[in-house]
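S.K.: Take this structure first; my questions come after.
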Amino acid sequence: ELGVLAEQLGFDSLWVNHHVINVGYVHDRLGQAPYHDALITLTWLASQTETATLGTSVLVMPYLHPMVLAKEIATLDHLSGGRITLGLGVGSLPEENEILGSEYQDRGHYSNEFIQVLVALWTQTEASLNGKYWDFENVVSSPKPFQKPHPPIVIGGNRGPALRRVGQLGDGWHPLGLSPEGILKRLPVIQDEMTSAGRSVSDFPIQVRRDFDGINSELINAYQEVGVTDIVLSCNTGDIEEIRNTLTSFGETFIDS
Numbered sequence: 012e013l014g015v016l017a018e019q020l021g022f023d024s025l026w027v028n029h030h031v032i033n034v035g036y037v038h039d040r041l042g043q044a045p046y047h048d049a050l051i052t053l054t055w056l057a058s059q060t061e062t063a064t065l066g067t068s069v070l071v072m073p074y075l076h077p078m079v080l081a082k083e084i085a086t087l088d089h090l091s092g093g094r095i096t097l098g099l100g101v102g103s104l105p106e107e108n109e110i111l112g113s114e115y116q117d118r119g120h121y122s123n124e125f126i127q128v129l130v131a132l133w134t135q136t137e138a139s140l141n142g143k144y145w146d147f148e149n150v151v152s153s154p155k156p157f158q159k160p161h162p163p164i165v166i167g168g169n170r171g172p173a174l175r176r177v178g179q180l181g182d183g184w185h186p187l188g189l190s191p192e193g194i195l196k197r198l199p200v201i202q203d204e205m206t207s208a209g210r211s212v213s214d215f216p217i218q219v220r221r222d223f224d225g226i227n228s229e230l231i232n233a234y235q236e237v238g239v240t241d242i243v244l245s246c247n248t249g250d251i252e253e254i255r256n257t258l259t260s261f262g263e264t265f266i267d268s
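With the first letter of the sequence shown counted as 1, position 256 gets the number 267 in our numbering; the numbers rise by one all the way through.
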């Protein structure tokens, strides 16, 4: 219902977050409240909407297997008619990593190779990769994504390792809660990393995620001036009526009809 309403109001993308269990700050905010699966939720949204981009903000790579995710995302990209944007991150909850059996301290290296596996499976007819975590030859992953060469991969994170990952492997940047000044301060790290990697991305989205609170025309203009292409607004409440009212008010105030 909220996804359909947002699309009708003129929001051009719908995003879901990813946690497996309610622990740490997730439990502090939600307690026992439901935290629905990200990809199943997006699949439902794909069936109920027509034009909105459907994104993950963000999937935590150390909780997932890239070969399984490659098939899931490729399938969802077809079911949605090519509307998927894949946001990926390394996670920031050691407790969740520990419970799920993944190594928190090694999550950066794991995640870098995770992205390489995805791209190999999506772009090679018979994929091969020789790495630390995955070593395979002539693996067929089908279907390939609807979007070519694959859905945009936008990488979350605000710190140095994440910024370098964006420059090396990302099709876009998905920072959390940064001000326009914070965006501008960090962009040179990404740009330098892209240059060192010999990469040139002409269409490079910057999708900052932040709360509704404090959003006004002046702030939106400031984000645009530093290159932000999208503002992903977090509801951060389980109160459906409150979300409905906030979406309606925001849409009527800030979104052109």
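Note that the Cβ used here is the ideal one computed from N, Cα and C, for glycine as well.
If you measure between the beta carbons of Leu-258 and Leu-16, is that distance less than 8 Å?
M.R.: For Leu-258 and Leu-16, yes; Cβs fall inside 8 Å.
S.K.: Is the separation between the beta-carbon of Gly-183 and that of Phe-215 shorter than 8 Å?
M.R.: Contact flag set, yes.
S.K.: Tell me, please, whether the region 122–131 touches the region 182–198 by the rule of three or more beta-carbon pairs shorter than 8 Å.
M.R.: Judged by Cβ distances under 8 Å, the region 122–131 makes no contact with the region 182–198, as fewer than three pairs qualify.
S.K.: First and last residue of the alpha helix (DSSP H) that includes Asp-88?
M.R.: Where Asp-88 is concerned, the enclosing alpha helix (DSSP H) stretches over 77–90.
S.K.: Within 10 angstroms of the Cβ of Gly-100, are there 16 or more other Cβ atoms? Answer buried if so, exposed if not.
M.R.: Label assigned to Gly-100: buried.
S.K.: Tell me whether Val-101 sits in a helix, a strand or coil according to DSSP, three-state version.
M.R.: Val-101 falls in the coil class under three-state DSSP.
S.K.: For Asp-23, which three-state DSSP category applies?
M.R.: Coil, per DSSP.
S.K.: For Asn-232 and Asn-149, I'd like the C-alpha separation in whole angstroms.
M.R.: One C-alpha to the other measures close to 48 Å.
S.K.: Can you tell me which residues form a DSSP beta bridge with Ser-245?
M.R.: In the DSSP output, where bridge partners are listed per residue, Ser-245 has Asp-222.
S.K.: Using the beta-carbon count (16 or more within 10 Å), is Tyr-88 buried or exposed?
M.R.: Position check: residue 88 holds Asp in this sequence, whereas Tyr was assumed. With 16 or more other Cβ atoms within 10 Å, it is buried.
S.K.: With DSSP as the reference, label Ser-268 as helix, strand or coil.
M.R.: For Ser-268, the predicted model reports a pLDDT of 47, less than 50, meaning its position is unreliable and no value from the coordinates is stated.
S.K.: Short of 7 Å in beta carbon distance, which residues of its chain neighbour His-29, apart from the five on each side in sequence? Order them along the chain.
M.R.: Excluding sequence neighbours, His-29 sits near Ala-49, Thr-67, Val-69, Leu-70, Val-71.
S.K.: For Phe-147, which of helix, strand or coil comes out of DSSP?
M.R.: DSSP places Phe-147 in strand when its eight states are reduced to three.
S.K.: When burial is assigned at 16 or more other CB atoms within 10 Å of the CB, is Leu-13 buried or exposed?
M.R.: It counts as exposed.
S.K.: In three-state terms, what does DSSP make of Gly-178?
M.R.: The answer is helix: DSSP assigns Gly-178 an H, G or I state.
S.K.: Can you tell which of Met-78, Glu-18, Leu-25, Leu-20 has the C-alpha that lies nearest to the C-alpha of Leu-244?
M.R.: Nearest of Met-78, Glu-18, Leu-25, Leu-20 to Leu-244, Cα basis: Leu-25.
S.K.: Excluding five sequence neighbours on each side, which residues of the same chain lie with their C-beta closer than 7 Å to the C-beta of Asn-256?
M.R.: Once the five neighbours on either side are set aside, Asn-256 has no close Cβ partner at all.
S.K.: Compute the Euclidean distance between the alpha carbons of Gln-158 and Gly-102, then round it to the nearest angstrom.
M.R.: When rounded, the distance between both Cα atoms is 26 Å.
S.K.: Do you know offhand how far Gly-238's Cα is from Ile-266's?
M.R.: Distance between the alpha carbons of Gly-238 and Ile-266 is about 19 Å.
S.K.: Tell me the residue span of the beta strand (DSSP E) that contains Ser-139.
M.R.: From DSSP, the beta strand (DSSP E) with Ser-139 extends over 138–141.
S.K.: In this structure, how does DSSP classify Gly-3 when only helix, strand and coil are distinguished?
M.R.: Since the displayed the chain opens at 12 and closes at 268, residue 3 lies outside it and no answer follows.
S.K.: Closest to Tyr-36 by CA distance: which of Glu-107, Glu-18, Ser-139 is it?
M.R.: Among Glu-107, Glu-18, Ser-139, the Cα nearest to that of Tyr-36 is on Glu-107.
S.K.: By alpha-carbon positions, which one of Lys-143, Gly-262, Leu-20, Gly-93 ends up nearest to Asp-117?
M.R.: Cα-wise, what sits closest to Asp-117 is Lys-143.
S.K.: Going by the CB atoms, is the gap between Arg-197 and Leu-174 shorter than 8 Å?
M.R.: Yes. Within cutoff.
S.K.: Give the straight-line distance between the Cα atoms of Arg-176 and Phe-125, rounded to the nearest whole angstrom.
M.R.: Distance between the alpha carbons of Arg-176 and Phe-125: 12 Å.
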